[in-house]
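Quick notes on the structure that follows.
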Amino acid sequence: MDRLDGDRIKVLELEDVGFKYEDNTSALEGINLEIERGEKVAILGPNGAGKSTLLKLAAGLLYPMRGEVKLFGKTLVKNNAYELRKNVGILFQDPEDQIFMPKVADDVAFGPINLGYDEEKVKRLVSDALKDSGLKGFEERVPHHLSYGEKKRVAIAGILAMRPRILLLDEPTANLDPKGRIELMDIIKRSCETLVVATHDVNSVAQIAGRGIILNRKIVARGTMRKLFSDDKLLVSNNLDAPDITKLFLSMRESGYDLDVPLSCDEAQSELKRKWAR
Amino acid sequence: MRHGTIDQYASRSSFYSLDPRAKIVAIIFFIIIVALLTDLLPLIIAFLFALILLLVSNIPKKHLVKRYAIALPFVLFASLSLYFYKGELTAYAMFLRISTCVLLLILLSSTTSFFDLLKAAQHLKVPKLMITLMMFLYRYIFVMTEEYQRMKMARSARAFRGGRHLFDKKGMRTISSTAGMVLVRAYHRGVRIYDALRSRGYSGEIRTLTKMRFRAMDYAFCANLILFSSFILWIDWMVIG
Numbered sequence: 045m046d047r048l049d050g051d052r053i054k055v056l057e058l059e060d061v062g063f064k065y066e067d068n069t070s071a072l073e074g075i076n077l078e079i080e081r082g083e084k085v086a087i088l089g090p091n092g093a094g095k096s097t098l099l100k101l102a103a104g105l106l107y108p109m110r111g112e113v114k115l116f117g118k119t120l121v122k123n124n125a126y127e128l129r130k131n132v133g134i135l136f137q138d139p140e141d142q143i144f145m146p147k148v149a150d151d152v153a154f155g156p157i158n159l160g161y162d163e164e165k166v167k168r169l170v171s172d173a174l175k176d177s178g179l180k181g182f183e184e185r186v187p188h189h190l191s192y193g194e195k196k197r198v199a200i201a202g203i204l205a206m207r208p209r210i211l212l213l214d215e216p217t218a219n220l221d222p223k224g225r226i227e228l229m230d231i232i233k234r235s236c237e238t239l240v241v242a243t244h245d246v247n248s249v250a251q252i253a254g255r256g257i258i259l260n261r262k263i264v265a266r267g268t269m270r271k272l273f274s275d276d277k278l279l280v281s282n283n284l285d286a287p288d289i290t291k292l293f294l295s296m297r298e299s300g301y302d303l304d305v306p307l308s309c310d311e312a313q314s315e316l317k318r319k320w321a322r
Numbered sequence: 072m073r074h075g076t077i078d079q080y081a082s083r084s085s086f087y088s089l090d091p092r093a094k095i096v097a098i099i100f101f102i103i104i105v106a107l108l109t110d111l112l113p114l115i116i117a118f119l120f121a122l123i124l125l126l127v128s129n130i131p132k133k134h135l136v137k138r139y140a141i142a143l144p145f146v147l148f149a150s151l152s153l154y155f156y157k158g159e160l161t162a163y164a165m166f167l168r169i170s171t172c173v174l175l176l177i178l179l180s181s182t183t184s185f186f187d188l189l190k191a192a193q194h195l196k197v198p199k200l201m202i203t204l205m206m207f208l209y210r211y212i213f214v215m216t217e218e219y220q221r222m223k224m225a226r227s228a229r230a231f232r233g234g235r236h237l238f239d240k241k242g243m244r245t246i247s248s249t250a251g252m253v254l255v256r257a258y259h260r261g262v263r264i265y266d267a268l269r270s271r272g273y274s275g276e277i278r279t280l281t282k283m284r285f286r287a288m289d290y291a292f293c294a295n296l297i298l299f300s301s302f303i304l305w306i307d308w309m310v311i312g
């Protein structure tokens, strides 16, 4: 970040966090993670790595069994969880779990009403959130009759209407068709300054996240997306994969071509143009 | 937003625009009175009045008949058993009494959206917990039905065709474990929904922006129904007396 040091506000801090499931199997061990305002961080990891659990801990929905979770500089405890949670948005995998009201507008208004805003403000937040999520005109629709992609957008609108200071996304693009995925990624890019995305969709996450961690109950690796995606061994040993375009360039490099490794098609294009121009 | 809803239904029924609280209070009052009636004459009047209300309300006839047909077996069972023990007149009275109540409830439920009914009930001091439960039931019953349908399809995709009759033990076991699965999934979904509620500032009460207004028309509707049902009750007493 180019900002002055005084401007670096820590939004989320995990200090030596450990968590066990009900059957006493360990879900997370010794997690240390700091996320500053404006950062966009990816959490990559195989199935069952504890990505969802990590997000729930960060959202104040679970409490760590070891270590500390700090949100906005305050240590999360049961007493302040309700207040801290108001500033954290979390998008679950299944939008069906997140849309409770019989009408879209009522559902999006659910959060702002709970925050205690007056009617005018609630209405404004609802219409802004619907607009930002491309759901203008959906106010009176019944969630049950929406498509999966639309439900996903209603769920995110319900979160954005609360204007969270940090947004946690659990597999946001899973089960979406390509168009739905592009639309959702656009919404996410514009949505919130500080983002944490847990996902398998490496092609999408490479576009938004600046840095990432690889999680497999412990933090196995951390660094810029470029660094993580360039380490083939690391990815394979954690059941992960790099974006297709990155893999192509990596194998070109191995066969002796002097190319920078891109994370997206756009980056690849400019890299190729640069090479050819010479 | 609210106007949109009214316009949407206004052409279909004159009762949509009434405050749901007015409808609940007036119709429940009417139902209680009808349950108290003993003589045939006032029962016939009440029945005819209910029919007239339904006609005025513009509810599609087909819908009305369908709804009534669901209740009909129960109505017939109650009336027929009285027919054999207490005689003709009591049976007719029972038939008219239950039918009138059913018709009135159809009137209430077809001219009010479920959500409005719940909100009205909340205003009428029905416990919050019950309202919340009903609301979630209403929202998630389709989700759960779909889940069951999917499992049923998966079952038949793997050549299951048991459960055609009650003595098909193996088939029944499969079906009961599917039902158990639906319950387990419902439990897990419940946990996730609770997480979602908490992350959006839920503190035990579902609040919405929609406001209900009790207008002159609502007072008139209540007063009319209460007066009329009291009048019928008076006739009933006069006839017995």
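Protein chains in written order, with our numbering: chain A, 45 to 322; chain B, 72 to 312.
Ideal Cβ positions, reconstructed from N, Cα and C, are used throughout, including at glycine.
For R110/A, I'd like the list of residues in its chain whose CB is within less than 6 angstroms of its CB, leaving aside the five on either flank, ordered along the chain. What you label residue 110/A is simply residue 66 of the first sequence in a count that begins at 1. These residues qualify, in order along the chain: G62.
Determine the burial state of T216/B: buried for a count of at least 16 other Cβ atoms within 10 Å of its Cβ, exposed for fewer. Counted from its first residue, the second sequence places residue 216/B at position 145. Label assigned to T216/B: exposed.
Burial state of C236/A (16 or more Cβ within 10 Å): Residue numbering aside, residue 236/A sits at position 192 when the first sequence is read from its first letter. Buried is the call here.
Establish whether the CB of A173/A and some CB of chain B are separated by less than 8 angstroms. Here residue 173/A refers to the residue found at position 129 when the first sequence is read from its first residue. For A173/A, the answer is no, since every Cβ of chain B falls outside 8 angstroms of its Cβ.
Mind listing the chain B neighbours of Q142/A? Cutoff is C-beta to C-beta under 7 angstroms, in chain order. Working through the first sequence from its first residue, we reach residue 142/A at position 98. Simply A267.
Does R266/A come out as helix, strand or coil in the three-state DSSP assignment? Along the first sequence, read from residue 1 onward, the residue named residue 266/A stands at position 222. Note: R266/A maps to strand in three-state DSSP.
With a 10 Å radius around its C-beta and 16 neighbouring C-beta atoms as the bar for buried, classify Q142/A as buried or exposed. Taking the first residue of the first sequence as position 1, residue 142/A is located at position 98. With 16 or more Cβ atoms within 10 Å of its Cβ, Q142/A is classed as buried.
Flag this pair as yes or no: are the beta carbons of D289/B and A93/B separated by less than 8 angstroms? Numbered from its first residue, the second sequence carries residue 289/B at position 218. Numbered from its first residue, the second sequence carries residue 93/B at position 22. Contact: yes.
Are the C-beta of I264/B and some C-beta of chain A separated by less than 8 angstroms? Working through the second sequence from its first residue, we reach residue 264/B at position 193. It does; some Cβ of chain A falls within 8 angstroms.
Enumerate in chain order the residues of its own chain whose CB-to-CB distance from L220/A is below 8 angstroms, with the five nearest sequence positions on each side excluded. If you number the first sequence from 1, residue 220/A lands on position 176. Once the five neighbours on either side are set aside, the close Cβ partners of L220/A are Y192, G193, K196 and L228.
Own chain residues within Cβ distance below 8 angstroms of F136/A, not counting five before or after: Stepping through the first sequence from its first residue, residue 136/A is reached at position 92. For F136/A, where only same-chain residues beyond five positions count, the Cβ hits under 8 angstroms are Q142, A199 and D214.
Below 8 angstroms on C-beta distance, what does Y290/B contact in chain A? The residue you call residue 290/B lines up with position 219 of the second sequence. Neighbours of Y290/B on chain A: none; closest Cβ ~26 angstroms, over 8 angstroms.
Looking at chain A, which residues of the stretch 273–307 of chain B have a Cβ within less than 8 angstroms of any of its Cβ atoms? Y273, S274, I277, R278, T279, L280 and T281
From this set, Y273/B, C293/B and T171/B, which residue's C-alpha is nearest T203/B's C-alpha? As a working mapping, residue 203/B is identified with position 132 in the second sequence. That would be Y273/B, whose Cα lies nearest to the Cα of T203/B.
Locate the alpha helix (DSSP H) running through N247/A, then write down its first and last residues. Working through the first sequence from its first residue, we reach residue 247/A at position 203. Unbroken alpha helix (DSSP H) run through N247/A: V246 to I252.
Count the C-beta pairs between the stretch 116–135 of chain B and the stretch 181–196 of chain B that are closer than 8 angstroms, then say yes if the count reaches three, no if not. yes
Short Cβ contact (8 angstroms threshold) for G89/A with L211/A: Stepping through the first sequence from its first residue, residue 89/A is reached at position 45. Stepping through the first sequence from its first residue, residue 211/A is reached at position 167. No. Outside cutoff.
When you compare only the Cα positions, how much space is there between H134/B and L268/B? Taking the second sequence and counting its residues from 1, the one referred to as residue 134/B is at position 63. Taking the second sequence and counting its residues from 1, the one referred to as residue 268/B is at position 197. Using only the alpha carbons, I get a separation of about 36 angstroms.
Y126/A versus R244/B: straight-line alpha-carbon distance, rounded: Counting from one through the first sequence, the residue named residue 126/A turns up at place 82. Counting from one through the second sequence, the residue named residue 244/B turns up at place 173. Whole-angstrom Cα-Cα distance: 44 angstroms.
Against chain A, with Cβ distances strictly below 8 angstroms, would V214/B count as a contact? Counting from one through the second sequence, the residue named residue 214/B turns up at place 143. Chain A, which has a Cβ nearer than 8 angstroms to the Cβ of V214/B, makes this yes.
Going by CA-CA distance only, name the one from D176/A, I75/A and L307/A that's closest to A205/A. As a first step, residue 205/A is located in the first sequence; it is residue number 161 there, counting from the start. Here the closest residue by C-alpha is D176/A.
Residue from T109/B, Y211/B and V96/B whose Cα sits closest to the Cα of R168/B: Translated into positions along the second sequence, residue 168/B becomes position 97. Ranking T109/B, Y211/B and V96/B by Cα distance to R168/B puts T109/B first.
On the DSSP letters alone, give me the boundaries of the alpha helix (DSSP H) that D151/A sits inside. In the first sequence, the residue the question calls residue 151/A occupies position 107. Looking at the DSSP string, the run of the alpha helix (DSSP H) that includes D151/A is V148 to N158.
Does the beta carbon of P91/B sit closer than 8 angstroms to a beta carbon anywhere in chain A? Position 20 of the second sequence, counted from the start, is the residue given in the question as residue 91/B. It does not; no Cβ of chain A falls within 8 angstroms.
Are the Cβ atoms of S247/B and F100/B separated by less than 8 angstroms? As a working mapping, residue 247/B is identified with position 176 in the second sequence. As a working mapping, residue 100/B is identified with position 29 in the second sequence. In this structure, F100/B does not lie closer than 8 angstroms to S247/B by Cβ.
What is the residue span of the alpha helix (DSSP H) that E194/A lies within? As a working mapping, residue 194/A is identified with position 150 in the first sequence. Element bounds for E194/A: Y192 to L204.
Cβ of S150/B within 8 angstroms of Cβ of A162/B? Along the second sequence, read from residue 1 onward, the residue named residue 150/B stands at position 79. Along the second sequence, read from residue 1 onward, the residue named residue 162/B stands at position 91. For S150/B and A162/B, yes; Cβs fall inside 8 angstroms.
6 angstroms CB neighbourhood of I79/A in its chain, flanking five on each side removed: As a first step, residue 79/A is located in the first sequence; it is residue number 35 there, counting from the start. Excluding positions up to five away in sequence, the list reads V55, L56 and V85.
For K84/A, the residue or residues it bridges with in DSSP: Against the first sequence, residue 84/A aligns to sequence position 40. DSSP output for K84/A lists L239/A as bridge partner(s).
Classify G256/A as helix, strand or coil using the three-state DSSP reduction. The residue labelled residue 256/A in the question sits at position 212 within the first sequence. The answer is strand: DSSP assigns G256/A an E or B state.
With a threshold of 16 other CB atoms inside 10 Å of the CB of S314/A, please say whether the residue is buried or exposed. To locate residue 314/A, count along the first sequence from 1; it is residue 270. Exposed, because fewer than 16 other Cβ atoms sit within 10 Å of the Cβ of S314/A.
Quick check: the Cα distance between G256/A and M206/B, rounded to an integer number of angstroms? Mapped onto the first sequence, residue 256/A falls at position 212. Mapped onto the second sequence, residue 206/B falls at position 135. So the alpha carbons of these two residues sit roughly 40 angstroms apart.
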